[in-house]
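Each step along the sequence shown adds one to the number in full-length UniProt numbering, with nothing skipped, and position 105 is 105. C-beta: ideal position from N, C-alpha, C; glycine also. Small disclaimer: the values here were computed from a predicted structure and weren't measured. Worksheet for the structure shown next.
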Amino acid sequence: MKMATLLPHNGTEATEFILLGLTSQWELQSILFVVFLLIYLITLTENFGLIALIRLTPRLQTPMYFFLTHLACVDIFYSTNLSPQMLVNFLSEKKTISYTGCLAQCFVFVTLFLTEYYMPSAMAYDRYLAICHPLHYNSRMSGPLCTCLVIFPYLWGAMVGTVQVILTSRLSFCRPNIINHFYCADPPLLMLTCSDTYIKETALFVSAGINLTGSLFIILISYVFIFITIMRIRSSEGQCKAFSTCGSHLTTVTLFCGSLFCMYLKPTNEQSVEQGKIVAVVCIFVNAMLNPFIYSLRNKDVKQALRAVFMRNLGTMEKKSILTVSQ
């Protein structure tokens with residue numbers, strides 16, 4: 001372990017941190033390694049597959065699937081930001097991360113976290129226009145607007161991430177450099193500092209409040225108008241068809257927002273950190289793995305595209321086998 005460097009005010013500053021991970025029981029490390037490796041590989045396969053399917057299917061070249069492509073990209077980078085080091089730490093005795101690496105991980109995490117959180121807002125607005133204003137959908141949901149709706153979450157996430165990292169870098173970490181988490185999360189990180197954390201905690205509270213309510217407000221307002229419009233549809237078949245276009249999106253929003261509220265609306269203490277680990281696993285890894293599955297299982301267009309690709313590949317294989325036999 002590296003020695004801590006002395007500060008001018010006779011304190012000590014940690015140059016690296018030790019990540020305790022999900023559990024300290026060594027006999028569980030190998031099992032957790034296999035489980036999270038499978039989750040990571042499934043996440044990559046599903047999201048890359050969904051991106052390829054959308055890009056290769058002309059009928060999926062719509063704003064909704066444009067947003068879904070970026071959501072899949074965020075899930076890939078979001079999971080990749082934490083999974084590789086987490087997997088290494090499962091099999092390593094030295095579970096450390098440098099101070100600079102910790103700040104970088106925090107920045108990427110906050111940026112992608114908020115990007116993924118605001119992306120469903122753009123998708124909700126898309127559903128609002130498609131159901132409530134179908135005649136004006138193509139003119140309103142233009143290419144430039146779609147680009148702006150995608151760029152904003154990235155820029156906003158990067159801005160908030162920069163502010164949070166700057167505030168964290170101003171803190172002095174002079175206590176034992178052991179982070180009770182599997183990544184550099186703010187709550188356990190603040191337990192290690194000997195500096196005044198009022199500004200940092202206030203910034204976290206304000207940021208959580210604005211972001212939790214901001215995106216959720218847009219989604220709720222959009223779906224209030226969607227629900228009112230659907231209720232005005234006289235045929236039950238039309239209502240079911242309208243609801244089916246929103247089902248996968250609502251499922252994803254419910255899973256993500258539910259775990260998000262559990263993660264952030266908790267007091268900062270040892271018990272909440274332990275509970276936060278489980279919630280973080282669901283919010284970071286499980287949601288990223290389930291998103292493509294939800295959109296594939298509950299979306300008729302995606303299922304039809306998958307079926308078409310499967311049948312096309314099956315036909316190609318049959319032709320090759322016939323040619324091989326005839327030769």
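DSSP places Glu27 within a helical segment (H, G or I) once states are collapsed to three. Taken in chain order, the complete alpha helix (DSSP H) segments of 4 residues or longer contained in the stretch 56-122 are 63-90. Rounded to whole angstroms, the gap between the alpha carbons of Cys106 and Met289 is 21 Å.
The Cβ neighbour count for Leu56, taken over all protein chains shown within 10 Å, is under 16; the residue is labelled exposed. Of Thr229, Asp75, Leu255, the smallest CA-CA separation from Ile42 is found for Asp75. In the DSSP secondary-structure assignment, Glu16 is bridged to Ser98.
The three-state secondary structure of Ile179, taken from DSSP, is strand. Annotated as proximal: Phe90 and Gly21, with beta-carbon spacing under 9 Å.
A direct Cα-to-Cα measurement between Lys95 and Leu71 gives close to 30 Å. About 4 Å separates the beta carbon of Tyr118 from that of Pro153, a gap short enough to meet the 8 Å contact definition. Contact check for Tyr99 and Thr213: beta-carbon distance about 33 Å, past the 8 Å limit, so the pair fails to qualify. Annotated as proximal: His181 and Leu19, with beta-carbon spacing under 9 Å.
Scanning its chain for C-beta atoms nearer than 6 Å, with the 5 sequence neighbours on each side dropped, one finds around Thr197 the residues Leu190, in chain order. Excluding the 5 residues flanking it on each side, Trp156 has same chain C-beta neighbours closer than 7 Å at Leu114, Tyr118, in chain order. One thing to note: Met86 has its Cβ no nearer than 9 Å to the Cβ of Ala130. Restricting attention to Val34, Leu28, Cys102, Arg234, the CA atom closest to the CA of Pro188 is found in Cys102. Taking a C-beta distance under 9 Å as the contact criterion, Thr252 and Pro120 qualify as a contact pair. DSSP places Asn299 in no alpha helix (DSSP H); its state is neither H nor E. Between Ile178 and Phe310, the CB-CB gap reaches or exceeds 9 Å. DSSP places Phe225 inside the alpha helix (DSSP H), whose first and last residues are 198-231. By a beta-carbon distance limit of 8 Å, Cys257 contacts Leu216. Their separation comes to about 6 Å.
Around the beta carbon of Met159, fewer than 16 other beta carbons sit within 10 angstroms, so the residue counts as exposed. Cβ-Cβ separation between Ile233 and Ala242: approximately 6 Å, consistent with a contact (criterion under 8 Å).
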